[in-house]
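Peer 1: Chains as they are written, first to last, in my numbering: chain A, 48 to 343; chain B, 10 to 276.
Below: one structure in structure tokens.
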Amino acid sequence: MTQFLSLLLNGISLGAIYALIALGFVVIFKASEVVSFTHGSLLLLGAYSIARLSEPLGFYLAVVVGVAITAFAAFLIERLIINRLRGAPVISLAIVTIGVDIILLTELIRRIGSDILNVPHPWGGGSVRIGDVGISENRLIATLVAGVLIALFFLAFKFSNWGVAMRASAEDGETAALMGIRLGRVSVLAWVIAGVLAGVAALFLVGSPTPGVSPTAYSVALRAFPAAILGGLDSTGGALVGGLLIGLAESFAAGYQDQLLFLGRGFGDVVPYIVMIAVLLFRPSGLFGTRELTRV
Amino acid sequence: MLSIDDLHVTYGGAVQAVRGVSMAVPDGEVVAVLGSNGAGKSTLLRAISGTLRLHRGRIDSGSIRFGATDLAGRDPAQTVRMGLVQVPEGRRIFGRLTVEENLRAGGMASRDKAAKARAQDRVYDLFPVLRERSSQRGALLSGGEQQMLAIGRALMASPKLLLLDEPSLGLAPRIIGQIGQVIAEINRQGTSVLLVEQNATMALGVAHLAYVLDVGEVSLSGEARELARTDEVQRLYLGHDGHENDGGDGAPRRRAASGRTLSRWVQ
Chain A
48 MTQFLSLLLN
58 GISLGAIYAL
68 IALGFVVIFK
78 ASEVVSFTHG
88 SLLLLGAYSI
98 ARLSEPLGFY
108 LAVVVGVAIT
118 AFAAFLIERL
128 IINRLRGAPV
138 ISLAIVTIGV
148 DIILLTELIR
158 RIGSDILNVP
168 HPWGGGSVRI
178 GDVGISENRL
188 IATLVAGVLI
198 ALFFLAFKFS
208 NWGVAMRASA
218 EDGETAALMG
228 IRLGRVSVLA
238 WVIAGVLAGV
248 AALFLVGSPT
258 PGVSPTAYSV
268 ALRAFPAAIL
278 GGLDSTGGAL
288 VGGLLIGLAE
298 SFAAGYQDQL
308 LFLGRGFGDV
318 VPYIVMIAVL
328 LFRPSGLFGT
338 RELTRV
Chain B
10 MLSIDDLHVT
20 YGGAVQAVRG
30 VSMAVPDGEV
40 VAVLGSNGAG
50 KSTLLRAISG
60 TLRLHRGRID
70 SGSIRFGATD
80 LAGRDPAQTV
90 RMGLVQVPEG
100 RRIFGRLTVE
110 ENLRAGGMAS
120 RDKAAKARAQ
130 DRVYDLFPVL
140 RERSSQRGAL
150 LSGGEQQMLA
160 IGRALMASPK
170 LLLLDEPSLG
180 LAPRIIGQIG
190 QVIAEINRQG
200 TSVLLVEQNA
210 TMALGVAHLA
220 YVLDVGEVSL
230 SGEARELART
240 DEVQRLYLGH
250 DGHENDGGDG
260 APRRRAASGR
270 TLSRWVQ
């Protein structure tokens with residue numbers, strides 16, 4: 048039972064981080080109809096920047112600057128590439144983002160080399176006990192911060208002018224433009240928000256129990272893709288649920304791997320994709336993907 | 010207020026949709042543009058609003074001026090900020106947004122909160138049903154209510170000139186009559202209107218001036234009342250037989266659909 052609760056708590060905390068990444072992914076898709084594969088390298092960029100800047104700037108300032116750098120990179124990708132390719136087929140845009148991702152990733156790997164950079168989180172590698180259940184301090188803080196950010200995001204999405212403009216242009220871009228909504232601005236803002244979310248996720252992904260910044264952080268970030276897809280690519284609520292589902296599935300698969308040995312070692316790494324495929328087989332547009340609501 | 014001079018528009022570099030159209034919307038008036046499918050009516054509105062690019066179309070020559078400003082090359086967000094707002098064909102309301110959010114989306118171009126509050130009051134006064142349904146999703150409204158929402162949404166930007174693309178499309182005759190009254194009321198409140206329609210009865214009923222477009226060219230133009238009496242308009246757009254029905258007020262006689270007669274739109 049204790050093991051179950053512990054895996055549950057760890058799954059939720061991991062899922063909250065995935066949800067941050069997946070939210071950005073979904074927001075970009077809604078605002079600019081781009082399936083953006085740049086998220087893995089953006090995340091690594093955030094982690095790398097925070098780790099490198101921690102020494103000269105101190106931890107907290109490094110976090111602020113690192114997150115800003117990630118957001119700025121997203122801004123540049125939108126302005127210099129995506130915005131100029133408006134009207135290009137969705138598939139071409141997706142491939143373009145894969146290209147950008149590989150370029151950025153290659154450069155980051157070259158810079159990181161064979162080191163494992165450490166982010167000196169002030170909360171260190173210790174863990175907290177809640178009753179019998181243990182969780183790393185880093186993951187606990189991650190869950191709280193992600194929870195606050197996600198709540199803020201949903202409030203803004205529901206009530207702010209940006210949220211209304213965003214939802215209107217996601218539903219019908221041409222009409223939104225006819226109403227005076229600047230599609231370019233909606234799109235670039237979505238990329239910046241996604242960049243910020245990825246930067247924050249990066250901060251926590253490279254802390255305990257994960258050992259520092261290394262290119263493997265990239266493959267961890269990739270698991271947010273199935274989270275976004277299984278939730279429904281155009282559903283922000285779906286990104287949250289998808290993130291949690293993937294986090295839980297991964298946590299349980301890793302925790303019970305002795306019982307799951309017949310499936311082979313490392314099952315935890317592939318389980319996000321298996322969950323995604325299973326969900327899509329039953330709901331092709333994801334759990335909360337759009338089924339048009341119209342009266343005929 | 011709005012003047013179009015010798016406008017030529019092509020799509021994909023090949024298809025000529027508008028060929029040498031000139032027209033004017035005087036300040037404070039309602040101007041109707043009639044024409045059948047493919048006459049170039051929607052293209053004209055796209056050229057004015059700046060959405061041609063989204064349809065791979067472009068202005069080859071000619072000019073569109075709003076007051077002293079040339080509209081060529083402006084994007085839709087800019088034209089809205091200048092006071093030209095379009096109600097697109099087929100209503101195109103945001104079905105997943107509530108009625109109130111739809112109106113909010115319409116007011117997005119302005120930062121003036123007081124003006125937006127006034128505009129919203131005006132919309133709710135014009136269409137009380139929208140106030141009742143303000144928290145419902147747009148997709149759940151009836152066709153007529155959706156058209157009212159589409160018009161209300163455009164009014165949120167407090168336009169100087171309202172462009173309407175076939176507001177009668179797919180609506181019951183009684184509702185079309187209401188839409189006609191609303192257009193007249195909006196105009197009375199000081200907004201000029203460019204009304205593109207296939208429903209000539211309604212359009213000529215509210216318009217001061219009218220143009221008839223035929224395959225991308227203006228084939229007739231003049232005062233709406235005069236135009237309604239001409240043989241050609243009677244025959245093609247009102248479904249009357251012009252010779253027998255010499256401006257009389259008797260019951261309009263229907264003609265069997267033949268050739269270019271738009272009997273479908275006769276009420």
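Where a beta carbon is used, it is the ideal one built from N, C-alpha and C, also for glycine.
Computed from a predicted model, the values in this text were never measured in an experiment.
Please confirm whether A/Asn130 and A/Gly231 have their CB atoms less than 7 Å apart.
Peer 2: In contact: A/Asn130 and A/Gly231 (Cβ atoms closer than 7 Å).
Peer 1: Going along the region 10 to 37 of chain B in order, which residues come within less than 9 Å of chain A, judged by CB to CB distance?
Peer 2: Going along the region 10 to 37 of chain B in chain order, one finds no residue with a Cβ nearer than 9 Å to chain A.
Peer 1: Can you give me the Cβ contacts of A/Ala189 inside the same chain, cut-off strictly under 7 Å, excluding the 5 residues immediately before and after it?
Peer 2: Around A/Ala189: Ser60, Ala63, Ile64 and Phe251.
Peer 1: Within 10 angstroms of the Cβ of B/Asp174, are there 16 or more other Cβ atoms? Answer buried if so, exposed if not.
Peer 2: Classification for B/Asp174: buried.
Peer 1: Under three-state DSSP, which class holds B/Glu253?
Peer 2: Annotation note: pLDDT 43 at B/Glu253 (below 50); position unreliable, coordinate value reported separately. Three-state result, B/Glu253: coil.
Peer 1: My understanding is that B/Ile184 touches B/Val39, with C-beta atoms under 8 Å, so please give their C-beta distance in whole angstroms.
Peer 2: About 19 Å separates the two Cβ atoms, so there is no contact after all.
Peer 1: Since B/Phe75 is in the alpha helix (DSSP H), which residue starts that stretch and which ends it?
Peer 2: No alpha helix (DSSP H) contains B/Phe75, which is instead part of the beta strand (DSSP E) from Gly66 to Phe75.
Peer 1: In angstroms with no decimal places, state the Cα-to-Cα distance between B/Met157 and B/Ser201.
Peer 2: Cα to Cα, B/Met157 sits roughly 18 Å from B/Ser201.
Peer 1: For A/Leu334, which residues of its own chain have a beta-carbon under 8 Å away from its beta-carbon, when the five flanking residues on both sides are left out?
Peer 2: Same-chain partners within the cutoff: Leu277, Gly278, Gly279, Ser282, Gly285, Val288, Gly289 and Val326.
Peer 1: Under a Cβ-count criterion, where at least 16 other Cβ atoms within 10 Å of its own Cβ denotes burial, should A/Ser96 be classed as buried or exposed?
Peer 2: Looking at its Cβ environment, which holds 16 or more other Cβ atoms inside 10 Å, A/Ser96 is buried.
Peer 1: Go ahead and pull the three-state DSSP assignment for B/Thr19.
Peer 2: Correct three-state label for B/Thr19: strand.
Peer 1: What residues in the region 78 to 110 of chain B bring their beta carbon closer than 7 Å to a beta carbon of chain A?
Peer 2: Answer set for the region 78 to 110 of chain B: Pro85, Ala86, Val89, Arg90, Gln95, Pro97, Arg101, Phe103, Gly104, Arg105, Leu106 and Glu110.
Peer 1: Could you tell me which residues DSSP puts in a beta bridge with A/Ser174?
Peer 2: A/Ser183, per the DSSP bridge assignment.
Peer 1: Quick one: is B/Val221 buried, meaning 16 or more other Cβ sit within 10 Å of its Cβ, or exposed?
Peer 2: With 16 or more other Cβ atoms within 10 Å, it is buried.
Peer 1: Going along chain B in order, which residues have a C-beta closer than 7 Å to the C-beta of A/Thr49?
Peer 2: Chain B residues near A/Thr49: none, gap ~44 Å exceeds 7 Å.
Peer 1: So with CB distances below 8 Å, who are the chain A contacts of B/Leu245?
Peer 2: Within chain A, no residue comes near B/Leu245; the closest Cβ sits about 30 Å away, beyond 8 Å.
Peer 1: If distances are taken between C-alpha atoms only, which option among B/Arg65, B/Gly22 and B/Ser167 comes closest to A/Gly227?
Peer 2: Residue B/Ser167 is the option with its Cα nearest to A/Gly227.
Peer 1: Please check if any C-beta of chain A sits within less than 7 Å of the C-beta of B/Met157.
Peer 2: No - not a single Cβ of chain A is within 7 Å of the one on B/Met157.
Peer 1: Confirm, please, whether the CB-CB distance from A/Val166 to A/Ala98 is below 7 Å.
Peer 2: Against a cut-off of 7 Å, the Cβ pair of A/Val166 and A/Ala98 comes out as a contact.
Peer 1: Which runs of the beta strand (DSSP E) spanning at least 3 residues fall entirely within the region 154 to 192 of chain B, listed in chain order?
Peer 2: Counting only runs of 3 or more, we get 170 to 174.
Peer 1: For A/Ile228 and chain B, any beta-carbon pair shorter than 7 Å?
Peer 2: So yes, A/Ile228 belongs to the interface.
Peer 1: When you check each C-beta in the region 61 to 76 of chain B against every C-beta of chain A, which residues fall closer than 7 Å?
Peer 2: Under the 7 Å Cβ criterion, the region 61 to 76 of chain B contributes Leu63.
Peer 1: Just the chain C side, please: which residues come within less than 7 Å of B/Gly115 by C-beta, in chain order?
Peer 2: The question asks about chain C, but that chain is absent: this structure's protein chains are A and B.
Peer 1: Select from the region 187 to 213 of chain A all residues with a C-beta closer than 7 Å to any C-beta belonging to chain B, and list them in chain order.
Peer 2: Those would be Asn208, Val211 and Ala212, in chain order.
Peer 1: Note down the Cα distance separating B/Gly92 from B/Ile195, rounded to an integer number of angstroms.
Peer 2: Cα to Cα, the separation comes out at about 15 Å.
Peer 1: Let me know the secondary structure DSSP gives A/Ile228 once reduced to three states.
Peer 2: Correct three-state label for A/Ile228: coil.
Peer 1: Can you tell me the Cα-Cα spacing of A/Gly87 and B/Glu154, whole angstroms?
Peer 2: Going by the C-alpha atoms only, they are around 46 Å apart.
Peer 1: How would you list, in chain order, the residues of chain A whose beta-carbon sits under 8 Å from the beta-carbon of B/Ala126?
Peer 2: In chain order: nothing, as chain A lies at least about 14 Å away.
Peer 1: With a threshold of 7 Å between beta carbons, is A/Ala78 in contact with chain B?
Peer 2: Cβ-Cβ to chain B under 7 Å: no for A/Ala78.
Peer 1: Please confirm if the region 261 to 270 of chain A is in contact with the region 153 to 166 of chain A, defined as three or more CB-CB distances below 8 Å between the two stretches.
Peer 2: A contact exists between the region 261 to 270 of chain A and the region 153 to 166 of chain A.
Peer 1: Alpha carbon to alpha carbon, how far is B/Ala148 from A/Gly178?
Peer 2: Each residue's Cα considered, the two are about 49 Å apart.
Peer 1: In the DSSP assignment, find the unbroken beta strand (DSSP E) run with B/Leu63 in it and report its ends.
Peer 2: Premise fails: B/Leu63 is in no beta strand (DSSP E) and is neither H nor E.
Peer 1: Does any residue of chain B bring its CB to less than 7 Å from the CB of A/Thr222?
Peer 2: With 7 Å as the cut-off, A/Thr222 counts as an interface residue toward chain B.
Peer 1: Do you know offhand how far B/Leu11's Cα is from A/Ala69's?
Peer 2: Their backbone Cα atoms lie some 47 Å apart in a straight line.
Peer 1: Helix, strand or coil for B/Tyr133? Go by DSSP, reduced to three states.
Peer 2: In the structure shown, B/Tyr133 sits in a helix (DSSP, three-state: H, G or I).
Peer 1: Residue range of the beta strand (DSSP E) that B/Tyr220 falls in?
Peer 2: Leu218 to Asp223 is the span of the beta strand (DSSP E), which, as asked, contains B/Tyr220.
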